[in-house]
Amino acid sequence: MDNPFKGRSLTVIDDFSLDERLYLFEKTRELKKAITENNLDELEKFRINNSDFGIYEVFIEDSTRTKESFKNAAAFHRVKLNTLETNYSSINKSESFADTFNTLCGYDNLIYIVRSQQEGLCRWLEENGKLYAQRNKMKQAPAFINAGDGKHEHPTQELLDEFTFLEQKNWDRESIHIALVGDLYHGRTVHSKADGLLIFKKVKVDLIAPPELGMPEYYLNKMKDNGFEIRIFDSIDSYIDNNDIAQLWYFTRPQLERMGDAILKRQDELRYRITFRKELMDKIPERTTFYHPLPRHKLHPTIPTFLDATPLNGWENQSANGKLIRIILLGLIAGTIGHDFTGIAKKTTEEPETHDYIQEVPVDENKTVKEYAEGVKPISSGLVIDHICRGEKEEDIRDHLARMIRVLALYGKGGEWISRSREYPDKMKGIIFRPEYSAPGIKKLKQIAALAPGCTVNVIREKKVVKKLKLNMPPKIYNFPNICCKNTDCISHSSQGENVPAEFKRITDDRFKCKYCENTHSFKEIWI
Ligand code: NCD
-18 MDNPFKGRSL TVIDDFSLDE RLYLFEKTRE LKKAITENNL DELEKFRINN SDFGIYEVFI
42 EDSTRTKESF KNAAAFHRVK LNTLETNYSS INKSESFADT FNTLCGYDNL IYIVRSQQEG
102 LCRWLEENGK LYAQRNKMKQ APAFINAGDG KHEHPTQELL DEFTFLEQKN WDRESIHIAL
162 VGDLYHGRTV HSKADGLLIF KKVKVDLIAP PELGMPEYYL NKMKDNGFEI RIFDSIDSYI
222 DNNDIAQLWY FTRPQLERMG DAILKRQDEL RYRITFRKEL MDKIPERTTF YHPLPRHKLH
282 PTIPTFLDAT PLNGWENQSA NGKLIRIILL GLIAGTIGHD FTGIAKKTTE EPETHDYIQE
342 VPVDENKTVK EYAEGVKPIS SGLVIDHICR GEKEEDIRDH LARMIRVLAL YGKGGEWISR
402 SREYPDKMKG IIFRPEYSAP GIKKLKQIAA LAPGCTVNVI REKKVVKKLK LNMPPKIYNF
462 PNICCKNTDC ISHSSQGENV PAEFKRITDD RFKCKYCENT HSFKEIWI
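In this text, residue positions in the sequence shown follow this note's numbering: the first is -18, and each later residue adds one.
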């Protein structure tokens, strides 16, 4: 049977299906048992055991656990591990990420472990790597493991966290009640929990953070959409006052390096609210365990060090599990492990594009045109785009008409105006008419739909509407030079200078998710 894991990238936790993650946990459990029992024959089964198999670590942000556990995992596998010295590499000479990684691919490396401040970098590298592999006739495209990208996600930490929770719960996946404490705004490890915790059937999450460090709306909504029960508290003190305290606490470090000056000035006060104190010891339930992805600040640890020698210490086992999880992950992506997987694998190919958001409306060819006559002579032939931005403010409609003309290059004779909707007289709408234009092709229609969802496109010949199309919001907006993700840390943001074309996926009626960093935008926010 084919190995569904071979050559796969892990850029966000959801890149692996629930079944795939559970399989990975099961294998990690087997590995841990073999290590505990010193069962050398069993251990051999997990190894890649190929000194030509190339793995590269590229850490553009600091790291101890993630980097070193991968290094130790690679040593277990007896493979070729290289580390790019990013402080002394041509990244500092403004070389693009695409060029840097293409170079390393040329030296026969197949797995890249990447940490960066740029969000969505691995998603981009995965796409770019496929093209490189095609061009250079590589047998297999390179795989990219996200080892933490800005404040986006940290999928391998998520794997080891979930494995650790499963261990603590004796592999009972019925339910989990967990408190997430600390910098939930910048902490990528807690963002990955929005999908990661789905391995439990019933999930209750208590979010404990001052509002300035609160969980971003996107992840909060994702947790709610995933059916999690959520409660929000602004400090450990206010949490302790409620009578339903979780036995599992997951701390995250205040990420000072990502904070603006305004928040940094208040760091002591903010930190106090998410730091555990001795006098709270007898207020927490029996058998509570604390976890932390680490590092802890040596002067201001939010889990004080006197707890190290108490049963609350779950973070040391958690950290040690990191190496085991990463051994299995590398083995899966290398294709050494995974042949006996029988569950549901994640679909890795995109659904083919459909055009059902473009609908043809029947027309009465005997009726002559009179409806496009406000202020000017009715046009006898050409193109009329009607119902643009219906119901919006006049100045916004005017701005958007100008944007449409610019982006679609709707230059030439004709005009555009704002008028009252005939069907909804209390609403304004925009109209563009172009007498010399012919019927638009599918590519143009897709572009018009992306810019003016809800509009109608009318093709007029000899004073009659010969074709009418209603265009709805398309599922994807891409391939426009005039769209941009608003997150400056996103790899596709123009300020990054990486020439990554922006792309958005519709997630609700008016929310669009950036393909790379997953920040959400309203329809209008996409356009520059
Ligand atoms: C975390 C990270 O880098 O996201 N640490 C880790 O990987 N173990 C958390 C942090 O930096 O605070």
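Cβ coordinates follow ideal geometry from the N, Cα and C atoms, glycine included.
Which residues share a DSSP beta bridge with residue i?
i, result
"L62", "I36"
"I426", "Note that residue 426 is Leu in the sequence shown, not Ile. According to DSSP, which records beta bridges pairwise, L426 is partnered with nothing at all."
"F414", "V365, G396"
"F493", "R487, H502"
"L(-9)", "I126"
"L188", "L161, I213"
"T349", "K445"
Is the beta carbon of residue i within less than 7 Å of some heavy atom of the ligand NCD?
i, result
"S44", "yes"
"T64", "no"
"T145", "no"
"P276", "yes"
"Q138", "yes"
"R212", "no"
"Q428", "no"
"Q236", "yes"
"T489", "no"
"T170", "yes"
"T233", "yes"
"T(-8)", "no"
"T269", "no"
"H135", "yes"
"G295", "no"
"T514", "Beyond the ends of the chain as shown, which are -18 and 509, falls residue 514; an answer cannot be given."
"G101", "no"
"G129", "yes"
How far does the alpha helix (DSSP H) with residue i in it reach, from first residue to last?
i, result
"Q340", "Q340 -> not in any alpha helix (DSSP H); beta strand (DSSP E) instead, spanning 339 to 342."
"E11", "-1 to 17"
"H381", "375 to 389"
"D367", "Element bounds for D367: not the alpha helix (DSSP H) but the beta strand (DSSP E), 363 to 369."
"C86", "78 to 86"
"E23", "21 to 25"
Relative to the C-alpha of residue i, which candidate in the options has its C-alpha closest?
i, options, result
"K304", "I221, D345, T47, R379", "T47"
"L280", "P235, T137, L293, I318", "P235"
"S(-10)", "G372, P123, L179, D187", "P123"
"P285", "N30, K120, T256", "T256"
"F82", "G101, G110, R104, R492", "G110"
"G411", "N202, I16, L21, E373", "E373"
"M119", "D89, M240, I386, M385", "D89"
"R515", "L245, E49, D80, L288", "This structure gives no information on residue 515, because the portion of the chain shown stretches from -18 to 509."
"P359", "P191, I441, F209", "I441"
"I366", "I429, S402, Y497, F(-3)", "I429"
"L332", "R96, K457, K451, L293", "Reading the sequence as shown, one finds Glu at residue 332 and not Leu. That would be K457, whose Cα lies nearest to the Cα of E332."
"G395", "F322, K8, E417, L382", "E417"
"N347", "R384, E397, V447, P266", "V447"
"D490", "I386, T349, M454", "M454"
"K514", "A227, H167, D222", "Since the first and last residues shown for the chain are -18 and 509, residue 514 lies out of range."
How would you write the range of the beta strand (DSSP E) that residue i sits in, first residue to last?
i, result
"E506", "That residue, E506, is in no beta strand (DSSP E); it is neither H nor E in DSSP."
"R403", "Element bounds for R403: n/a, residue is neither H nor E."
Practice task
Please specify which runs of the alpha helix (DSSP H), each continuous and at least 4 residues long, are wholly inside the stretch 191 to 277, giving them in chain order.
Solution key: 198 to 206, 217 to 221, 242 to 246, 248 to 254
Exercise for the section: Let me know the beta strand (DSSP E) ranges lying completely inside the stretch 284 to 318, each 3 residues or longer, listed in chain order. Expected result: none
Practice task
Run through the stretch 431 to 486 for me and flag every whole beta strand (DSSP E) of 3 or more residues, listed as ranges in chain order.
Solution key: 437 to 442, 445 to 452, 457 to 459
Handout entry: Those runs of the alpha helix (DSSP H) which lie wholly inside the stretch 149 to 186 and span at least 4 residues
Key = 169 to 172, 174 to 177
Problem - Ranges of the beta strand (DSSP E) found wholly within the stretch 91 to 149, counting only runs of at least 3 - result: The stretch 91 to 149 contains these whole beta strand (DSSP E) runs: 92 to 97, 124 to 130.
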